[in-house]
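These protein sequence lines are chains B and E, in that order.
Letter by letter, the first sequence follows residues 3 to 162 of my numbering.
Letter by letter, the second sequence follows residues 135 to 794 of my numbering.
All C-beta atoms, glycine included, are put in the ideal place defined by N, C-alpha and C.
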Amino acid sequence: MRWLFLIVVMLTLVASPRAEAVQPDEILADAVLEGRARALSKELRCMVCQNQSIDDSDAPLARDLRVLVRERLQAGDSDRQVIDFLVSRYGEFVLLKPRFSLHTALLWLGPLAVLLIGAFGLFVLARRHRPAAGATSAAAATLTPAEEARLSEILDRPDR
Amino acid sequence: MIAEFGHYALVLALALALVQASVPIVGARKNDPVLMAVAGPTAIAQLLFVAIAFGALTICYVRSDFSVINVFENSHSAKPLIYKISGVWGNHEGSMLLWVLILSLFGALVALFGGNLPARLKANVLAVQSWIAVAFLLFILVTSNPFLRILQPPFEGRDLNPILQDPGLAIHPPLLYLGYVGLSISFSFAIAALIDGRIDAAWARWVRPWTLLAWMFLTLGIAMGSYWAYYTLGWGGWWFWDPVENASFMPWLAATALLHSALVMEKRNALKVWTILLAILAFSLSLIGTFLVRSGVLTSVHAFATDPTRGVFILAILVLFIGGSLALFALRAPLLKQGGLFAPISREGALVLNNLFLVSACGTVFVGTLYPLALEALTDEKISVGAPFFNATFGPLFVPLLIAMPFGPLLAWKRGDLLGVAQRLVGAAAIGAITVAVVFAMEGGGPILVPFAIELALYVMAGAVTEIVERTGLLKVPFLTAFARARGLPRSAWGGAFAHFGLGLTLLGIIGETQWGIERIAELKPGQTISIRRYDLKFDGMNTRQGPNYRELSAHFTVRRHGDVIGVMEPAKRSFPSRGSSTTETALMTRGFSQLYLSLGDPNPDGSLAVRLYYKPLVLLIWLGAVVMVVGGALSLSDRRLRVGAPKPARSRSALAPAE
């Protein structure tokens, strides 16, 4: 099913010369900085692509952003400062993991809410349906005579 | 003529579907066996006519009849035959036709193999199945007709997107559709039960094999798509939390939950209302997936708003079916009697826990996929929800599930002994811990969370083995006795153990690939060597080759390990003149469960070549695990109790074996 999305991505890419994701010439000599750059790249969205991080994307814009991230890191920015810089420039849209705020509260708390409501519901049900001591005998008493006959037939069957 | 023939067959299929959607249900109301019996033959005839339409479109593709718009837009006369055929579903109209074909296939299968179903249930199920068919046949005929003609036929077609010209993508959509359209059967059974206001353990026994069948195809389809993305997209990713992937993953999670709750219902006659709701939800998620992928809403909310015909039509289908079924559920569910009480610590309790976590995980994917769309539609504010979000939320919900998983099958029904089971699983946990220690001693450490993750994967696998060992008494009784017991175990028990083991394998593959994978990006000139782990790859040079509808530029690499030549790798780039686009053909070398992965960048003017080389440890386990899960499903499906169409429970040994 990815193909539909790919068609769209490909259509946007056909016009532009194709480049691969992270290029050899982008890589920083400092392995620690490069590692941080890669980790940051995975959190940032290539804004002209569908749901691709700039680390994965072939688009020229993604390359520009990768280079920008590296420039900021080399200038001595912390990870946090790089992210803040990009958000101030491109908006929240650039983050693949939205920040927690009023308008993303439902997004972040939704799954937890499902879990808690489900667990609470189960707790209530379990209390209500707690198997009473006499439950089994009470159930047995409700068998009709025909069922009793069938039951004894099954129980008496010699091949068991 | 062929195209018109197909078009006409499709209209006839709609007429048949209308009959099938109405007559049997009236029959079921009036208790008229003749009217109810209409369902079976019409279901088969409906399949026949949809198949004729599908066949007609396929013929147009094979003959490269470019007077049909759909063929012109998605095919090319020089394309290899297999991609001419797969091109039929490589586009919107054709894939909707495949969707309906599979829908009517499942209807016909119920008609053919549902001989042991009570007449009323069968009539209702087939009628509900046909409601869906009516909706989607109308959708095709009104908004997405694949049989439209062009007045002045062009000589050549525009070709199928090159990235789709791949064997993996030829079979991925049919597998996936068999899976998530297959869930329509569970839905139809649920609605039929609600219409009748009657549901019992036998119902669960009929529904479970169908759900299992759909689940198996869905598992295979998702795994296939993931492997395709892995080797095609050129950067070695295999899961992207893309909305289109999520569209198939949500029904999978719901179907997995449904399989487990139907188990409780079948064995203990409990969780009826919940099982019905899950069956409705699973197919509703399939419909939502279809909407997401087919309406264009993912590309952009605004694009959807400017050309809304298709989107609004599917949205209407969605509201009608999901809203209608949930309303019916609210109305009728209170009538269904609850049965089978159980203590919280019991097999049932474990399965309820499984459902709670699976549904929450599914909720996470659902919210994450739809939230940006909803936010943009409502407030015009754009946010992105991508892999980092899902990893942060889905993971924590899945881990408790994995920890609890081996407990489930070892707990007794009704009232279990948690401590006893925990003691029996100590072995499984220990096996995991020891292996982790050994691996870390050999590999020399890694991130701090990794040992826990691996321990978890190994514990899940060892837990599945523990179940079989416990039940056969292996290590306690003489081997031959244990062997005889193993043969006597119901196949569904083996199936469950296999499926759980497979999940552990997948998990291990995911951890191996993500935590120990190595990446090298470099520019090479002919004669230069690039090294990764213990492998050295020498770049020998470039070749060009002419394919049927593309030109290929491939690079030749000799692979050495400790100086010995172990093979060659030939990654390539293909350019397709008809679309002016190119694809990257990755070279893979399999070493055990691990792979070397090599893909090409662009050649530079100075003769050097950018390459990306990855070492992907255990990566094959990700998909092998899925295959093992499917084998588990197949084993379970072959169990006598569940065999589709088994007329009566046979009085054989296995049927009389005590309930597990």
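*Taking the C-alpha atoms as reference points, what is the distance between leucine 552 of chain E and valine 486 of chain E?*
15 Å
Point to revise | the region 113-125 of chain B: positions lying closer than 7 Å to chain E by Cβ | key: Pro113, Val116, Leu117, Gly120, Ala121 and Leu124
- Would you mind sorting histidine 394 of chain E into buried or exposed? The rule is 16 or more other CB atoms within 10 Å of its CB. buried
Exercise. In this structure, does DSSP put phenylalanine 673 of chain E in helix, strand or coil?
Worked result: DSSP places phenylalanine 673 of chain E in the strand class (E or B) of the three-state scheme.
Original post:
Buried or exposed: which applies to glutamine 76 of chain B, given that a residue is buried once 16 or more other Cβ atoms fall within 10 Å of its Cβ?
Top reply: exposed
- At a Cβ threshold of 8 Å, is valine 24 of chain B touching chain E? yes
Where serine 318 of chain E falls: helix, strand or coil (DSSP): Residue state, collapsed to three classes: helix.
Does any CB atom of chain B fall closer than 8 Å to the CB of serine 518 of chain E? Yes, serine 518 of chain E lies at the interface with chain B (some Cβ there is under 8 Å from its Cβ).
If contact means a Cβ-Cβ distance below 8 Å, which residues of the region 483-517 of chain E contact chain B? Val486, Leu490, Phe491, Val493, Ser494, Ala495, Gly497, Thr498, Val501, Gly502, Tyr505, Leu509, Thr513, Glu515, Lys516 and Ile517
DSSP on methionine 49 of chain B, reduced to helix/strand/coil?
It is coil, neither helix nor strand.
Point to revise | glycine 140 of chain E beta carbon less than 8 Å from that of isoleucine 186 of chain E | key: yes
Problem set entry | Continuous beta strand (DSSP E) stretch holding leucine 734 of chain E: start and end | That run of the beta strand (DSSP E) goes 728-737.
Beta-carbon separation (whole angstroms), methionine 358 of chain E vs glycine 313 of chain E, contact threshold 8 Å: The Cβ separation is near 11 Å, so there is no contact.
Requested in this report: Give the straight-line distance between the Cα atoms of arginine 725 of chain E and isoleucine 305 of chain E, rounded to the nearest whole angstrom.
Outcome: 26 Å
query: Using a beta-carbon distance below 8 Å, is proline 62 of chain B in contact with chain E?
result: No, no contact with chain E.
For chain D, check one thing: does any of its Cβ atoms lie closer than 8 Å to the Cβ of isoleucine 655 of chain E? Absent here is chain D; the protein component of the structure consists of chains B and E.
### Proximal residues to leucine 658 of chain E (C-beta, below 7 Å), its chain only, five neighbours per side dropped
Excluding residues within five positions, the ones whose Cβ falls inside 7 Å are Ile664, Phe673, Ser742, Leu743 and Val745.
Worksheet item: Would you say the region 192-206 of chain E touches the region 156-168 of chain E, given that touching needs at least three Cβ pairs under 8 Å?
Response: no
- Message: Checking 8 Å against the spacing of the C-beta atoms, do isoleucine 266 of chain E and serine 318 of chain E come in under that value?
- Response: yes
Sorted by chain position, which residues of the same chain lie with C-beta nearer than 7 Å to leucine 639 of chain E's C-beta, five sequence neighbours on each side aside?
Met595, Leu755, Leu758, Gly759 and Val762
* Asked: Any C-beta of chain E sitting closer than 8 Å to the C-beta of alanine 128 of chain B?
  -> yes
| task | Determine whether the Cβ of serine 80 of chain B lies closer than 8 Å to any Cβ atom of chain E. | result | Answer no: the Cβ-Cβ gap between serine 80 of chain B and chain E never drops below 8 Å.
| For threonine 720 of chain E, which of helix, strand or coil comes out of DSSP? | coil
Three-state secondary structure (DSSP) at glycine 701 of chain E?
-> Per DSSP, reduced to three states, the secondary structure at glycine 701 of chain E is strand.
Whether phenylalanine 524 of chain E touches glycine 497 of chain E by CB criterion (8 Å): no
- Message: Please report the distance separating the alpha-carbon of serine 139 of chain B from that of glycine 550 of chain E.
- Response: With a pLDDT of only 41 at serine 139 of chain B, under the threshold of 50, the placement of this residue in the model should not be trusted, and no figure is reported.
task: Determine which residues of the region 740-754 of chain E have a Cβ less than 7 Å from any Cβ of chain B, and write them out in chain order.
output: Answer in chain order: Ala744 and Arg746.
* How is the alpha helix (DSSP H) around glutamate 601 of chain E delimited, first residue to last? -> 584-606
(Q) Please list the terminal residues of the continuous alpha helix (DSSP H) segment that includes glutamate 510 of chain E. (A) 481-513
Q) Using the rule of at least 16 other Cβ atoms within 10 Å of the residue's Cβ for burial, across every protein chain shown, is alanine 564 of chain E buried or exposed? A) By the 10 Å Cβ count, alanine 564 of chain E comes out exposed.
Close beta carbons around proline 100 of chain B, own chain, < 7 Å, minus the five adjacent residues each side: Glu94, Thr106 and Leu109
Just checking: is the beta-carbon of glycine 735 of chain E within a distance shorter than 8 Å of some beta-carbon in chain B?
Yes, because at least one Cβ of chain B sits closer than 8 Å to the Cβ of glycine 735 of chain E.
So, does the CB of aspartate 86 of chain B fall closer than 8 Å to a CB anywhere in chain E?
no
Tell me, to the nearest whole angstrom, how far the beta carbon of glycine 766 of chain E is from that of glycine 636 of chain E; I am working on the premise that it is less than 8 Å. Yes, glycine 766 of chain E and glycine 636 of chain E are in contact; Cβ-Cβ is about 6 Å, under 8 Å.
Kindly confirm or deny that the region 388-406 of chain E and the region 328-341 of chain E touch, where touching means at least three C-beta pairs closer than 8 Å. yes
**Request:** Tell me where the alpha helix (DSSP H) around threonine 366 of chain E begins and ends.
**Result:** In this chain, the alpha helix (DSSP H) harbouring threonine 366 of chain E covers 335-366.
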